[in-house]
Amino acid sequence: MYAVPYVYPYPYYVNTPIYTYNTRQPMYWGFTESSAYANRNLYLQTPVEEGSNLKDFGKGPFIVKIDKAAEQNNTFRTVLWTGNHLQVTVMSLNIGEDTGLEVHPNADQFIRIEDGQGIVQIGDKRGKYYILEKVHDDDAIIVPAGKWHNLINTGDKALKLYTIYAPPQYPLATIHRTKADAIAAHD
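When we follow UniProt numbering, the leftmost residue of the sequence shown carries the number 1, and every step to the right adds one.
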């Protein structure tokens with residue numbers, strides 16, 4: 001219920017004023033301090049659930065409901081945020097579509113499925129997979145650098161996901177509307 005470390009002499013007096021001398025600590029504990037953050041105007045909030053455009057928001061602080069952004073995305077790949085050491089993208093794979101067999105020699109990748117189902121393939125060499133696993137909503141896939149991998153949509157609707165690359169793998173503000181666009185940009 002409440003975390004009250006010092007209960008003597010009034011065990012039922014919670015969130016009482018704490019009087020401190022010659023210090024700059026807050027006068028009250030508990031909800032008064034934490035509730036100040038709820039109404040604070042944050043640096044950047046992106047209401048993707050209201051249908052805003054998805055785009056790369058650059059290197060500044062960024063707050064987003066990533067599940068809503070992934071579900072809202074209808075492009076093959078859209079970069080949401082690119083920093084010096086990390087990049088966040090959202091993807092949508094149509095029925096039967098795959099990400100394409102690829103390897104990132106110097107980048108680790110985190111993939112989270114938000115909606116849909118598929119099969120993930122991971123291996124040391126092209127065509128030699130030691131992981132062939134069914135994945136669906138709320139599954140996470142971690143691909144270490146240097147591993148060949150592919151994700152195939154096997155469901156009856158678009159597969160929605162987000163992926164995090166460390167370090168970034170795509171130019172700032174990359175948007176590939178279709179897989180063909182992604183292939184053309186790579187060549």
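We treat Cβ as the ideally placed atom computed from N, Cα and C, and that holds for glycine.
- Partner residues in the beta bridge of ARG112, as assigned by DSSP, are ALA140 and TYR162.
- Distance between ILE183 and ILE63, taken at the CA atoms: about 30 Å.
- In the DSSP assignment, HIS186 falls within the alpha helix (DSSP H) that extends over 179-186.
- Looking only at GLY58, ILE66, LYS59 and LEU54, the smallest Cα-Cα distance to TYR162 is reached by ILE66.
- The shortest C-alpha to C-alpha distance from PRO105 to any of TRP148, GLY118 and ILE122 is the one to TRP148.
- LYS134 is bridged by DSSP to ILE119.
- If you draw a straight line from the Cα of ILE142 to the Cα of ILE131, it comes to about 12 Å.
- Across the set ALA107, THR99, ILE119 and GLN121, the C-alpha of ALA107 shows the shortest separation from the C-alpha of ILE164.
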